[in-house]
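Only one structure is covered here, and it is reproduced in the block below.
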């Protein structure tokens with residue numbers, strides 16, 4: 033039986049995401065203080081054949097919250113609405129990763145929010161995987177290829193917690209990979225959350241007027 037897999041940080045595809053950031057991230061404006069309002073952008077991509085040959089780690093998935101906030105549609109520039117493509121700042125990076133034979137973009141989304149009001153935002157793509165997914169507690173049916181959440185909390189910097197599950201078809205079953213990490217970010221910084229099967233680029237920018 034295949035279950036969730038857990039990994040240490042690899043360097044296998046470091047050049048790929050560095051190239052994506054270099055070519056497509058756009059200008060950055062670092063800021064020391066925590067702004068009142070921020071724009072958050074998340075780019076999730078899978079490595080082709082990533083995670084193969086790793087040790088299975090059964091039963092480590094833990095509890096997952098179900099009170100996740102769903103971003104508003106249609107896209108707009110209001111708070112907690114899906115960011116329109118015209119406002120995305122990682123579109124170039126998404127293009128680089130999408131054109132590479134070694135990667136596939138799973139999700140690219142963004143939104144605006146007050147920095148001091150914490151919500152767990154649902155992250156999920158539209159692709160479904162068929163079959164039992166033991167690591168998710170599913171004995172049959174279908175499950176999202178990518179699902180999870182991200183939460184931004186203001187304090188001494190911006191604390192970002194990310195918890196994502198990636199499913200991959202393995203015969204009649206779905207094997208599951210988990211990325212669960214927490215970082216403290218400054219606004220105007222790019223952060224890469226690393227996993228052998230997939231990666232996540234997070235960018236947070238201030239929306240406050242320049243002083």
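Numbering (my numbering), first residue to last: 33 to 243.
Heads up, the beta-carbon is just placed ideally off N, CA and C, and yes, glycines get one too.
By the CB criterion at 8 Å, residue 239 and residue 71 fall inside the cutoff.
If you keep only unbroken alpha helix (DSSP H) runs of at least 4 residues inside the region 172-232, you get nothing at all.
In the structure shown, residue 131 adopts helical secondary structure according to DSSP, grouped into three states. Within its own chain, the residues whose Cβ lies closer than 8 Å to the Cβ of residue 109, once the five positions on either side in sequence are excluded, are 115, 116, 119, 144, listed in chain order.
Closest in C-alpha terms to residue 150, from the list 224, 172, 111, 156, comes 111. Beta-bridge analysis with DSSP links residue 81 to no other residue. Contact check between the region 216-225 and the region 173-183: fewer than three CB pairs, one atom from each, fall below 8 Å, which does not count as touching. A distance below 8 Å between beta-carbons, with the five flanking residues on each side excluded, links residue 141 to the following residues of its chain, in chain order: 73, 74, 103, 114, 115, 155. The alpha-carbon separation between residue 162 and residue 184 amounts to approximately 32 Å. Taking residue 136 as reference, the option from 206, 124, 210, 76 with the minimal CA-CA separation is 76.
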